[in-house]
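Reminder that position 183 of the sequence shown reads as 185 in my numbering, one-by-one numbering, no gaps.
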Amino acid sequence: MTLNIEDVDDLKAPEPERPRTPQAKAPSKPFWRRPWILPLFAITAFWLYMQIEPVAGVPEDQLQIPPHENFPAYYPLLITHMAFGTVTVLTVCLQLWPWLRINHPKWHRVSGRLYIVGAVVAAISGLIIVWWAPIPGQLGGAAMLLFWLGITTAAYVTVRRKNYVLHRRFMLYSFAVPANNFLAFFTYLAIDKFQIQIDFAYFLEYARWVPWVLNLMLIQAWLYHTEKRPVTGPSAVSSRR
Numbered sequence: 003m004t005l006n007i008e009d010v011d012d013l014k015a016p017e018p019e020r021p022r023t024p025q026a027k028a029p030s031k032p033f034w035r036r037p038w039i040l041p042l043f044a045i046t047a048f049w050l051y052m053q054i055e056p057v058a059g060v061p062e063d064q065l066q067i068p069p070h071e072n073f074p075a076y077y078p079l080l081i082t083h084m085a086f087g088t089v090t091v092l093t094v095c096l097q098l099w100p101w102l103r104i105n106h107p108k109w110h111r112v113s114g115r116l117y118i119v120g121a122v123v124a125a126i127s128g129l130i131i132v133w134w135a136p137i138p139g140q141l142g143g144a145a146m147l148l149f150w151l152g153i154t155t156a157a158y159v160t161v162r163r164k165n166y167v168l169h170r171r172f173m174l175y176s177f178a179v180p181a182n183n184f185l186a187f188f189t190y191l192a193i194d195k196f197q198i199q200i201d202f203a204y205f206l207e208y209a210r211w212v213p214w215v216l217n218l219m220l221i222q223a224w225l226y227h228t229e230k231r232p233v234t235g236p237s238a239v240s241s242r243r
């Protein structure tokens, strides 16, 4: 009787399973150790006040808006765009808050769903009314809204597929569009404060192209800079394909 190598392998005692030790949850930093959190909320609150206060309660015929003859849906769509845009700039701050994502993932998911709904509705309504905007900056505005709609939809698809790393990247790209309004608005305040002489058509082109493209470049540079940094929370598990 011969003994094959396979038989010898079968005679070996099975190795005992090693007990799995649960991974310790990475401690989250308090909000005051994230120096950009409070300024982001403060800038958002100030921008919203400056945008809402001049138009709150003002009748349509007294608002300084582009002419929209033969299109009665313009004003309702404008209000829809502003209302859902307000939802996005509020919820995106919560989406970018690591403490909330790590310690309260349920609220992170809720705010994320509100952001995606707000961004999709604001982008679609904006794409309709952008054709009544002034010609300078019109193409830039349409390109920005199309990008916002596409990248936010991609963020939703990737989170449904549980690809959290790619979802996080797409959400950061999506943030570039709401942040466009902040940079354009504060640029306008600086021009008005220092009485800088500039053709308003050039400013409109700048406001619809430069801020969101610059934001994308800064976000991508930050992603490159932090690509080797360990990720905590749901984003630590990725279903890369």
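Ideal placement from N, C-alpha and C gives every residue a C-beta, glycine not left out.
Backbone secondary structure at residue i - three-state DSSP
i    : result
V132 : helix
S227 : In the sequence as displayed, the identity of residue 227 is His instead of Ser. Three-state result, H227: helix.
F184 : helix
R163 : coil
W38  : coil
Q199 : coil
Neighbourhood of residue i by C-beta distance below 7 Å, restricted to the same chain and skipping five residues each side
i    : result
P136 : P68, L206
A124 : H83, F86, G87, T90
I45  : F184
L65  : V57
S113 : T93, L96, Q97
Through-space distance from residue j to residue i, alpha-carbon basis
i    : j    : result
P74  : I131 : 11 Å
Y47  : N72  : The sequence shown places Ala at residue 47, rather than the Tyr named in the question. Using only the alpha carbons, I get a separation of about 35 Å.
H169 : Y158 : 7 Å
N105 : V94  : 17 Å
I193 : D201 : 11 Å
A156 : N217 : 18 Å
Contact under 8 Å by Cβ, residue i with residue j
i    : j    : result
T90  : G120 : yes
W49  : F196 : no
R103 : M146 : no
N182 : W214 : yes
I2   : A178 : Residue 2 is absent from the structure shown; the chain starts at 3 and stops at 243.
H70  : W109 : no
F149 : T160 : no
Spatial neighbours of residue i in its chain, beta-carbon cut-off 6 Å, leaving aside the 5 residues before and after
i    : result
R2   : Outside the displayed span of the chain (3 to 243) sits residue 2, for which this structure offers no information.
P180 : T90, V91, V94
Residues near residue i in its chain [Cβ-Cβ closer than 8 Å; skip 5 each side]
i    : result
L116 : V89, T93
**Study point:** Entirely enclosed beta strand (DSSP E) segments - the segment 64-125, minimum 3 residues
**Key:** none
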